Structure formats: C-alpha cells, structure tokens
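**Q** Just dropping this structure here.
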Amino acid sequence: MKTVNVTKTYLPNVDRYKSYVDQIFQSGQLTNNGSLTKELSYRLQEYLGVKNLLLVSNGTMALQIAYKLLDLKGEVITTPFSFVATTSSLVWENIKPIFVDIDPFSFNIDPDLIERAITADTTAIVATHVFGNAANTEKINRIAMKYNLKVIYDAAHCFGTIHNGESILHQGDVSAISFHSTKIFHTIEGGALCINNDHLYEKAKRMINFGITAPYVIEGIGINAKMNEFESAMGLCMLDEMETIKAMRKIRYEYFENKLRDRKGVYLQERSNNTSNNYSHFPVLFEYEDKLIGILAELNKENIYPRRYFYPSLNELDYLDYQEMPVSQDIASRVLCLPLYADINEEVQQRIVEIIVQMTS
Ligand SMILES: *Cc1c(COP(=O)(O)O)cnc(C)c1O
C-alpha cells in the first residue's frame, strides 16, 4: 500500500504554473513586490473579504512582524496548545510566554483563566484558532480592552474561515496566517498579516523590506520578510482551484465525521457555532494515551501515518521554565490528526475508520 501521510501538498495545474514562470522570466523581476505578488495580494483580499493583507515569507515571520509592529515586550499570555512557532517566535523576540490552559472541548485558550495570569508586565494576548476553530474572540477582546492589551491571533489554520459573518482575519489587532505547503491554501512557503489599523499596515509594509521606502530612504528598523514571484505564482494557481479543493476536502471530512461522530471512545473537537469549517484538519481524541499509541501502531503497519498534533504541549519545551498545564498536556497526549487532503482515497479512509472502531470497541 502507498504511504499515506497526515497531509499531502496540493499541486495545481502545472501548465498554468509554467505560464506564470514564463511571465517571470520575461519580466526578469523575481521578487521585491513584483506584479504577481501585487496581483495575489489583491486577489486574496477580494477572495477572503479582508482589507490590509500583507504577504510575507512565511507564517512564523508574520507572527514576528506582528509582535514588532505592536511593540510587544515583557510577558505575553498565550496558549500551550498550538504549533511550536506560536511560542518560539515569542521567545525569539525576547518576550516571555505566560501560558494559560485550554478548554478541553474547543482546544482553544480558556478565556476564563486569562485575567488571573495578567501582571504589570503583560503586553498582549497571542491566541491560536486551533484547527480553524475560532477562539473565544468576544471574551478575549473584552479582557484586552479592560487591561489595555494587544491581541494577536495565530490564524495559521484559518484560510477562508468566516466568523460572525466576516473573515476571522479581522479579529484582534493583527492576525497571522500561514501559506506553507502543508496548509489548505499554499504558496510553497509563505504567509500573510491582516492588520486592522491603516497606519500600522503601512508601517508593516516598510518593516518587511528593511524599512526602505524609496531609494536611499530608510524609515525605521526593518527586516527581509518578502514573498517572491514564484511563490506568488503558486498562490495564484491555487486560488484558481480553491473552490474545487474546498469541495473535495468537505466530502473527505464528512466521511470521517459520519463514521466517527458519537462512537464510544472517540471524541471530536467541539466547534464554535459562529465559525465556518474550512476542513483543514480532522482531529480525534481517544480515552487514554496508550489507546492512541496502539491505534497509531496499527495504522503505521498499513503505511498510514496520522500525526500527533499538537504534541507535546508547548509548556513542556525544554528552553522554558516549566509551567504546569494539565488540560493541554492531557489533550496533547490523546489527540491524533487523521490524514485529510483533497484526493485521499475513500478505501484508505474506510480502513482508518475500521482500525479505530475495532481498537475502541
Ligand atoms: C503552520 C503553522 C505556523 C507556522 O507557519 P509557517 O508558514 O510554517 O512558518 C504557525 N502556527 C500554526 C498554528 C501553524 O499551524
């Protein structure tokens, strides 16, 4: 049997990509906000229904630019249940992550635990919309207003997610999204910032290009976080096929959901009512870690490789002072993301379900 991984990069029509490459070779401009990067950012703003979208080199840089832009320092309240980049990007910028435990059903930061973690050094809240499921933005906003904190969302999983009738990328001061090849929409490597404030948006544009605003004019400190033309070309090709990709993923997602919902010993993420599902992941929770390990071993025997994701819980990173996070550690020990991509074989999905059902009954 062919190897099945947790995800498979979607490759759009190659002839279309080649025609963009021809265009790049004709223009001779490979990067520095070229015509394809401009076109992609315009088309993404239209497609996603967002304003002020800034394309960058990857999702981690999007987070780091956001922290610099909002001048975060001291302590930042964040979730232990996310991809490592959410935390490591803070530490990289010399900011101390203060973890707040998660809700065991939504897997998102528990807003009712945030206030007691705030100190005089707290400057912001960095929360993740886990597996595209909206964090409790209403409560987080209220706390941020009360204590004058910035809010940044790691929206890496949120391509196309609608929350309360509009793009979820409008939440917080800044939202960061990833367009890495493993995500549902990708630009090979890449990402974007959505910045509500127009002045901050202009500042971020300068920041991703060394602070350069015109020949020999440098306004403020910057770095290199630009997307290039080949990456933008990939994004344009992906965007052309996005409706097909979404429809295919929905069918594959619903297959798992129909077979696994309400099964004894298998628990699914509780999704926010106000948030659309973009079918980015299919996480399942088992009763015990040993159960998960057993199921994983059986699936691996058949060349099927789901991913323990997120695991380990980020409070266990060895470069941090240990802060105990019982719920996040428990969920991290029992959660498995099943293989999900546009053209996954139904027979493979059926086999995955059979093994899970057999091992949990
Ligand atoms: C993928 C991901 C990132 C990092 O994005 P890159 O583009 O790979 O740098 C950050 N946070 C979360 C939650 C992610 O899933």
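Be aware that the sequence shown starts at 497, since it is given in the numbering used here, and climbs by one per residue. Just so it is clear, CB atoms sit at the ideal spot from N, CA and C, and this is done for glycine as well. Only a predicted model underlies this, so the values are computations on that prediction, with no experimental measurement involved.
Mind checking which residues open and close the beta strand (DSSP E) that includes D650?
**A** Counting from one through the sequence shown, the residue named residue 650 turns up at place 154. That run of the beta strand (DSSP E) goes K646 to D650.
**Q** If you check the beta carbons only, do G555 and S728 fall under 8 Å apart?
**A** Numbered from 1 along the sequence shown, position 59 holds the residue referred to as residue 555. Numbered from 1 along the sequence shown, position 232 holds the residue referred to as residue 728. No, Cβ-Cβ distance for G555 and S728 is not below 8 Å.
**Q** Between which residues of its own chain and D599 is the CB-CB distance below 6 Å, once the five residues before and five after are set aside?
**A** Residue mapping note: residue 599 aligns to position 103 of the sequence shown, counting from 1. Taken in chain order, the residues that qualify are D606.
**Q** Buried or exposed: where does L834 fall if 16 or more other Cβ atoms within 10 Å of its Cβ makes it buried?
**A** Along the sequence shown, one-based indexing puts residue 834 at 338. Buried: at least 16 other Cβ atoms inside 10 Å.
**Q** Assuming E739 is part of the alpha helix (DSSP H), what are its boundary residues?
**A** Start at 1 with the first residue of the sequence shown, and residue 739 comes out as number 243. Looking at the DSSP string, the run of the alpha helix (DSSP H) that includes E739 is E725 to L756.
**Q** Excluding the 5 residues preceding and the 5 following L706 in the sequence, name in chain order all residues of the same chain whose CB lies nearer than 8 Å to its CB.
**A** Along the sequence shown, read from residue 1 onward, the residue named residue 706 stands at position 210. The identity of residue 706 in the sequence shown is Phe, whereas the question assumes Leu. Hits under 8 Å: I714, G718, I719 and N720.
**Q** In chain order, which alpha helix (DSSP H) runs of at least 4 residues are fully inside the segment 758 to 799?
**A** Fully enclosed alpha helix (DSSP H) runs of 4 or longer: 785 to 797.
**Q** Leaving out five residues on either side along the sequence, give the residues of the same chain with a beta carbon under 6 Å from the beta carbon of M745.
**A** Taking the first residue of the sequence shown as position 1, residue 745 is located at position 249. Reading off the sequence, residue 745 comes out as Arg, not Met. Only Y775 and A838 meet the Cβ criterion.
**Q** Ligand 1 heavy atoms versus the CB of R555: any closer than 7 Å?
**A** If you number the sequence shown from 1, residue 555 lands on position 59. According to the sequence shown, residue 555 is Gly rather than Arg. Result yes, Cβ under 7 Å from ligand 1.
**Q** Does the Cβ of G628 lie closer than 7 Å to at least one heavy atom of ligand 1?
**A** Locating residue 628 in the sequence shown gives position 132, where the first residue counts as 1. Not so, every heavy atom of ligand 1 lies at least 7 Å from the Cβ.
**Q** Between the Cα of V552 and those of N629, R512, T533 and E542, spot the shortest distance and give me the residue it belongs to.
**A** What you label residue 552 is simply residue 56 of the sequence shown in a count that begins at 1. V552 has its Cα closest to that of T533, out of N629, R512, T533 and E542.
**Q** Look at H625 and A631 and say whether their C-beta atoms are less than 8 Å apart.
**A** Sequence index remark: in the sequence shown, residue 625 carries index 129 (1-based). Sequence index remark: in the sequence shown, residue 631 carries index 135 (1-based). Cβ distance < 8 Å, so H625 and A631 count as in contact.
**Q** Scan the segment 573 to 648 and note each continuous beta strand (DSSP E) run of 3 residues or more that stays entirely inside, going in chain order.
**A** 592 to 595 and 618 to 624, all fully within the segment 573 to 648.
**Q** DSSP on H659, reduced to helix/strand/coil?
**A** Taking the first residue of the sequence shown as 1, we reach residue 659 at position 163. The answer is strand: DSSP assigns H659 an E or B state.
**Q** I'd like to know if the segment 568 to 587 and the segment 530 to 544 are in contact, where contact means that at least 3 CB-CB pairs between them fall below 8 Å.
**A** No: fewer than three Cβ pairs fall under 8 Å.
**Q** Could you check how far apart the C-beta atoms of S772 and T657 are, in whole angstroms? I think they sit under 8 Å.
**A** By one-based count along the sequence shown, residue 772 stands at place 276. By one-based count along the sequence shown, residue 657 stands at place 161. Going by Cβ atoms, the distance from S772 to T657 rounds to 6 Å, so yes, they are a contact pair.
**Q** Per DSSP, R803 is paired with what?
**A** The sequence position of residue 803 within the sequence shown is 307, counting from 1. According to DSSP, R803 bridges with C833.
**Q** For ligand 1, is there a heavy atom less than 7 Å away from the beta-carbon of H676?
**A** Against the sequence shown, residue 676 aligns to sequence position 180. Because some heavy atom of ligand 1 lies under 7 Å away, the Cβ of H676 counts as near it: yes.
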